[in-house]
Amino acid sequence: MTAINSVTDLSREGDVAVITINNPPVNALGQAVRDGLIAALDKAAQDDGAKAILLICAGRTFIAGADISEFGKKLSGAGFMETQDKFDAMKKPVVAAIHGTALGGGLEVAMCCHYRVAVASAKFGQPEVNLGLIPGAGGTQRLPRLTGVPKALEMVATGKPIGAPDALANGLIDEIVPGDLKEGALAFIQKLLSDGKGARRTRDLQEKVTGDFAPIFTFAKSQNMRGFEAPLDAINAVEMATKLPFDEGITFEQKTFLARMMSAQSGALRYLFFAERKVSKIPDVSDDTATLPIKKVGVIGAGTMGGGIAMNFANAGIPVTIVEMKQNALDRGLGVVKKNYDGSAAKGRFTAEEVDRRMSFLTGSLTFEDLSDCDLIIEAVFERMDVKKDVFAKLDKVAKKDAILASNTSFLNIDEIATATSRPDHVLGLHFFSPANVMKLLEIVRGEKTAKEVVATAMKLAKTISKVGVLVGVAHGFVGNRMLEARANEADKMLMEGAMPWDIDQVLLDFGYPMGGYAMWDLAGLDLGWAKEESHSDTLRDLENEAGRKGQKTGAGYYDYDEKRKATPSPVTEKMLKDLWAKKGVSPRQIPAQEIIERQIYPMINEGAKILEEGKASRASDIDIVWLYGYGFPAWRGGPMYYADAIGLDTVLAGVKKYGLKPSALLEKLVSEKKKFSDL
Ligand code: 3H9
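In terms of our numbering, the sequence shown opens at residue 79 and continues consecutively.
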C-alpha cells in the first residue's frame, strides 16, 4: 500500500487499483481528500497492471459531503471542478464502493465514478438545501442523468436521503453487495472486465434527461418552501440538466452554488449545523464522564404528555411502565398511544407487526411499587409544586438506589422538587415538548445538586430516543418557555393597544414561524395554568376561558375551529376584545407589522441575554437550538440569538428600550464593547 497523502492510500488487489480514503470522522471531502483523489487517480492511470480502479472509504462511512468547515475559507490545491474533470478523464472503469452515507459532495464523487455498488444499509442524499445550498460539484446535472428527473428533484429539493434498494431501483447504483463490501466490489469489477465493459461517464448519459418535463418542474416549483430559498434554486439547476448541454448545466450550477454560498440563509443554516453538534458538549462535563445504564423507564401519568413520553422509549425498544391513578385513565392513555401507532401504520410509516412490537414495550400499572426496578422515572402529573413534591417523596421510597428521578415540569423549580427526596443528586428535569413523541427538543434541566454522571446520562439518553437534548439551568420556564413568556406578555400588551390575535399571528407567520402564538395557545389549551378562582375577567384569556372557549379541544378559543380543526378569526373573540377596550378606556390603534415583529422578537432576545447572563444556558447557540426544535423558529434565520447578531445588538437594545422593557445587563455590555453573542 502506498500512502498518497495523509488521508489517501493506493494499493493493488490483482488487476485492480484500490484508492482508500481515510479522513475520520466522516471522510469529508476536504482539500486533502481532493488532492489525494487526483494524485491517486493519476497514479492508477499510469499503472499498466491495473485494469480498473476501486474507490472505497475506511471507517464508518463513505464520503459524507464537502468539508463544511472549509466553506468561506480561501483554499489552495485541487478544486471540486478539477476533481470531477479528473474522474471524467479516466479511461479505466472506476467503481465506487459505498457504505454508511454518501451525501452531498460524497454522492457527487460517487456519481463521477463510472459504476457504484453499495451495502444494503447505505444511504444516498443531496442534503445541501439543509445548509441553504444546492449541490455544487455536479450533483444537479449527474443525478437526473442516473435516476431520472422526478427522483432527482425529490432528492435535491427535500435533502432527504434514500436507501440502497431505492437507489438501485432508480439507477443510482448498479448493485447491492450482500457480504463484505470490498470483496463484493472486486467481484463486480471482475464481471465488468469479463463482460468487456469499460468507463461509463455519467455526463454522457442523456436518455433520462431528454423529453418534456415542464409539468414536473411546474409542480415542483409550486410547492410551499416555507421561506427556504435553496430548494427553488436546486430545482432550477436540475431543470437545466434537461435543457442545456452538460458543461453549460455545470456552469449554471456553479454560479447558483456560489450565490447560495454567499446568502444570509446559508450562513444561518451552516451555523445551525455546528450549533446542533456543539449542544451536546457540556463545558464542565467531559465526554468520558461515566453514564448510568437506562434499561427500564417508569412514566407517571398516562395523559397526553405521559403517553407521548412513553412512546419515545418504546420506539427505542426500552421497556416502560406507565403508572396512573385509575384503571379507566390508564386504559384511555394506552388506547391513545395505540391509536397514534395505528395512525402511523396506516400512513405506511411502519407495519402492523411493528405497532404490536412497540406496544409490547409498554406496561400499565396502578401502583408506584411497580417502578422499583426502573433506572429512570419521569413524572408528568399536574403542574403544581405540592403535587410534584408529594409524587417525588413517594418515588424516592420505591425507586432503587441509583435510579434517576425526573420531572417533566414546564416551569417549576427542580431544586425545590429535589428537596422532597433523599437523592437530590439523582434528580433533574426532562422537559419534553408537546406532542412529546413528535417534537425533537428535550430540555434537560440541571439542578443545583444534579450529579455530572446524571447529566451525562440524560444527554446520552436524548440521542437514544432521537431527541436533541439541550442542557439548561433552573429558572422559571427554563430557556424556551421563559423566552416564550416574554414574547407572549408583549403580544398581550399589543392586544390592549388595538391588535387582534390574528394580526399578531400573521406577522409571526410572515416572519417564518409555522404557527402564531395565539394559535399555539389554542392548540395547547387556554386553560393550561389558568385557574377559575383566580380569574378576574380582566384579560382576553380570562374571558375566553370563562366562556368555555379553551382552544381547539372545545372547538373555539382565540380562533373558531371547524370540524377539520381549520382556524378562522373569531367574531366572538373580536367582540370580547372590543368590549374589553371599551371597559378599560383603550383607544385602539392599528399597530404596524414592523412594530409587531420587533415587539415579538426583541423581548425574546433580551430574555435570552438574561438567561446567558445568569448562566442558565451554556452558550447562545444552545438557545437557538431550543427555539429551532421546540418552537419552530425559522431555521433559515438561524435562531433568535443569531438573528440578533445579524441585525446588530445595538438595534435590539434600542428597540428593547423603546418598548419600555428592562434591558439585560449582558446585552448592554455587549453593545458597549461592540461585541456579539457569538463572541461569548
Ligand atoms: C456539500 O457537500 C456541497 C457539495 O455539493 C460540494 C460543493 C462544492 N463537514 O453528525 P455527527 C462532523 S455540503 C465537516 O455528530 P452522525 C460533525 O461536525 C455537505 N464536518 O455524526 C461532527 O464533528 P464533531 C453535504 C462534518 O454519525 C462529526 O463529523 N453533507 C461534516 O450523527 C460527526 O458528525 C452534509 O450535509 C461535513 N460535511 O452523522 C452531511 N459532516 O464530532 C452533513 C459531519 O467535532 N453531515 N461532520 O462534533 C451529516 O448529516 C452527519 O454528520 C452524518 C453523520 C449523517 C454524516
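Here a beta-carbon is modelled for each residue, glycine too, at the ideal position from N, C-alpha and C.
Assuming residue 579 and residue 636 form a contact by the criterion Cβ under 8 Å, report the distance between their Cβ atoms to the nearest whole angstrom.
Counting from 1 along the sequence shown, the entry for residue 579 is found at position 501. Counting from 1 along the sequence shown, the entry for residue 636 is found at position 558. Yes, they are in contact, since the Cβ atoms of residue 579 and residue 636 sit about 4 Å apart, within 8 Å.
If we count Cβ pairs, one from each stretch, closer than 8 Å, do we get three or more for the stretch 491 to 501 versus the stretch 515 to 529?
The stretch 491 to 501, when compared against the stretch 515 to 529, does touch it at the 8 Å Cβ threshold.
Per DSSP, which residues does residue 201 bridge with? Please list them.
The count along the sequence shown starts at 1 and reaches residue 201 at position 123. Under DSSP, residue 201 takes part in a beta bridge, and its partners are 179 and 241.
For residue 647, the residue or residues it bridges with in DSSP:
Here residue 647 is taken as the residue at index 569 of the sequence shown, counted from 1. As DSSP reads the structure, residue 647 sits in a beta bridge with 637.
Select from 486, 480, 454 and 453 the residue whose C-alpha is nearest the C-alpha of residue 467.
Within the sequence shown, numbered from 1, the residue matching residue 467 stands at position 389. Considering only 486, 480, 454 and 453, the residue with the shortest C-alpha distance to residue 467 is 486.
Residue 576 and residue 667 look like a contact to me (Cβ under 8 Å); what is the Cβ gap, rounded to whole Å?
Within the sequence shown, the letter at position 498 stands for residue 576. Within the sequence shown, the letter at position 589 stands for residue 667. Residue 576 to residue 667, Cβ: 4 Å. Contact.
Looking only at its own chain, which residues have a Cβ that is under 7 Å from the Cβ of residue 603, when we skip the five neighbours before and after it?
Within the sequence shown, the letter at position 525 stands for residue 603. Around residue 603: 628, 629 and 631.
On the three-pair Cβ rule with 8 Å, is the stretch 197 to 205 touching the stretch 222 to 240?
The stretch 197 to 205 vs the stretch 222 to 240: in contact.
Roughly how many angstroms separate the alpha carbons of residue 323 and residue 163, rounded to a whole number?
Residue numbering aside, residue 323 sits at position 245 when the sequence shown is read from its first letter. Residue numbering aside, residue 163 sits at position 85 when the sequence shown is read from its first letter. Each residue's alpha carbon lies about 16 Å from the other.
How about the stretch 548 to 565 and the stretch 698 to 709: do they share at least three Cβ pairs that are nearer than 8 Å?
They touch, by the three-pair rule.
Once you ignore the five residues that flank residue 624 on each side, which residues in its own chain have a CB closer than 7 Å to its CB?
Counting from 1 along the sequence shown, the entry for residue 624 is found at position 546. Closer than 7 Å at Cβ, skipping near neighbours: 613 and 615.
Residue range of the alpha helix (DSSP H) that includes residue 422
Residue 422 sits at position 344 when you count from the first residue of the sequence shown. Secondary structure note for residue 422: its alpha helix (DSSP H) is the uninterrupted segment 405 to 424.
Start-to-end residues for the beta strand (DSSP E) that takes in residue 95
On the sequence shown, residue 95 is found 17 positions in, with the first residue counted as 1. That run of the beta strand (DSSP E) goes 94 to 99.
Please report the straight-line C-alpha distance between residue 114 and residue 370, rounded to a whole angstrom.
Here residue 114 refers to the residue found at position 36 of the sequence shown. Here residue 370 refers to the residue found at position 292 of the sequence shown. C-alpha of residue 114 to C-alpha of residue 370: approximately 43 Å in a straight line.
Cβ of residue 103 versus every heavy atom of ligand 1: is any distance shorter than 8 Å?
By one-based count along the sequence shown, residue 103 stands at place 25. For ligand 1, at least one heavy atom lies less than 8 Å from the Cβ of residue 103.
I'd like to know if the stretch 95 to 108 and the stretch 118 to 130 are in contact, where contact means that at least 3 CB-CB pairs between them fall below 8 Å.
Three or more Cβ pairs closer than 8 Å define a contact, and the stretch 95 to 108 meets that threshold against the stretch 118 to 130.
From which residue to which residue does the beta strand (DSSP E) around residue 382 run?
The residue you call residue 382 lines up with position 304 of the sequence shown. First-last for residue 382: 382 to 393, but that is the alpha helix (DSSP H), not the beta strand (DSSP E).
Look at the Cβ atom of residue 680, then the Cβ atom of residue 720, and state whether they are nearer than 9 Å.
Reading the sequence shown from its first residue, position 602 is the one you call residue 680. Reading the sequence shown from its first residue, position 642 is the one you call residue 720. No, they are not a contact pair.
Three or more C-beta pairs below 8 Å linking the stretch 470 to 488 and the stretch 660 to 679
These segments do not touch.
Apart from the five residues on each side of it in sequence, which residues of its chain come closer than 8 Å, Cβ to Cβ, to residue 284?
Mapped onto the sequence shown, residue 284 falls at position 206. If you ignore the 5 residues before and after residue 284, its C-beta comes within less than 8 Å of the C-beta of 223, all in its own chain and listed in chain order.
Give the single residue among 740, 739, 395 and 731 whose Cα lies nearest to the Cα of residue 752.
On the sequence shown, residue 752 is found 674 positions in, with the first residue counted as 1. Per the Cα distances, 731.
Please name the residue in 82, 318, 699 and 352 whose C-alpha comes closest to that of residue 332.
Position 254 of the sequence shown, counted from the first residue, corresponds to residue 332. Looking at the Cα atoms, 318 is the closest of the given residues.
Apply the 10 Å Cβ neighbour rule to residue 405 and answer buried if 16 or more other Cβ atoms are within range, or exposed otherwise.
Position 327 of the sequence shown holds residue 405. In summary, residue 405 is exposed, with fewer than 16 beta-carbon neighbours lying within 10 Å of its beta-carbon over all protein chains present.
Report yes if the CB atom of residue 214 is closer than 9 Å to the CB atom of residue 184, and no otherwise.
Walking along the sequence shown from the start, residue 214 turns up at place 136. Walking along the sequence shown from the start, residue 184 turns up at place 106. Taking 9 Å as the Cβ cut-off, residue 214 and residue 184 do not qualify as a contacting pair.
If residue 398 and residue 391 are in contact, beta carbons under 8 Å, what's the gap, nearest whole angstrom?
What you label residue 398 is simply residue 320 of the sequence shown in a count that begins at 1. What you label residue 391 is simply residue 313 of the sequence shown in a count that begins at 1. Their Cβ separation, rounded to whole angstroms, is 5 Å, which keeps residue 398 and residue 391 in contact under 8 Å.
Beta carbon of residue 175, beta carbon of residue 141: below 9 Å?
Start at 1 with the first residue of the sequence shown, and residue 175 comes out as number 97. Start at 1 with the first residue of the sequence shown, and residue 141 comes out as number 63. Against a cut-off of 9 Å, the Cβ pair of residue 141 and residue 175 comes out as no contact.
Do you know how far the Cα of residue 673 is from the Cα of residue 687?
For the purposes of this step, residue 687 is taken as the residue at position 609 of the sequence shown. For the purposes of this step, residue 673 is taken as the residue at position 595 of the sequence shown. Here the alpha carbons of residue 673 and residue 687 stand approximately 21 Å from one another.
Following the continuous alpha helix (DSSP H) through residue 683, name the residue where it begins and the one where it ends.
Here residue 683 refers to the residue found at position 605 when the sequence shown is read from its first residue. Following the DSSP letters along the chain, one finds residue 683 inside the alpha helix (DSSP H) bounded by residues 671 to 691.
Determine, using beta carbons only, whether residue 714 and residue 310 come nearer to each other than 9 Å.
Start at 1 with the first residue of the sequence shown, and residue 714 comes out as number 636. Start at 1 with the first residue of the sequence shown, and residue 310 comes out as number 232. No, these two residues do not count as a Cβ contact at 9 Å.
In angstroms, rounded to a whole number, what distance separates the CA positions of residue 515 and residue 289?
Numbered from its first residue, the sequence shown carries residue 515 at position 437. Numbered from its first residue, the sequence shown carries residue 289 at position 211. Rounded to whole angstroms, the separation of the alpha carbons of residue 289 and residue 515 is 44 Å.
May I ask you to check if the CB of residue 205 is nearer than 8 Å to at least one heavy atom of ligand 1?
Here residue 205 refers to the residue found at position 127 of the sequence shown. When distances are taken from the beta-carbon of residue 205 to the heavy atoms of ligand 1, the shortest one is below 8 Å.
Please classify residue 591: does DSSP put it in a helix, a strand, or coil?
Stepping through the sequence shown from its first residue, residue 591 is reached at position 513. In the structure shown, the three-state DSSP call for residue 591 is coil.
Quick check: is any heavy atom of ligand 1 less than 8 Å from the C-beta of residue 164?
Within the sequence shown, residue 164 is the residue found at index 86, counting from 1. No.
If distances are taken between C-alpha atoms only, which option among 159, 747, 232 and 220 comes closest to residue 294?
On the sequence shown, position 216 is the one that residue 294 refers to. Taking only the C-alpha atoms, the option nearest residue 294 is 232.
Can you tell me whether residue 427 sits near ligand 1, meaning its C-beta is under 8 Å from at least one heavy atom of the ligand?
Numbered from 1 along the sequence shown, position 349 holds the residue referred to as residue 427. Not so, every heavy atom of ligand 1 lies at least 8 Å from the Cβ.
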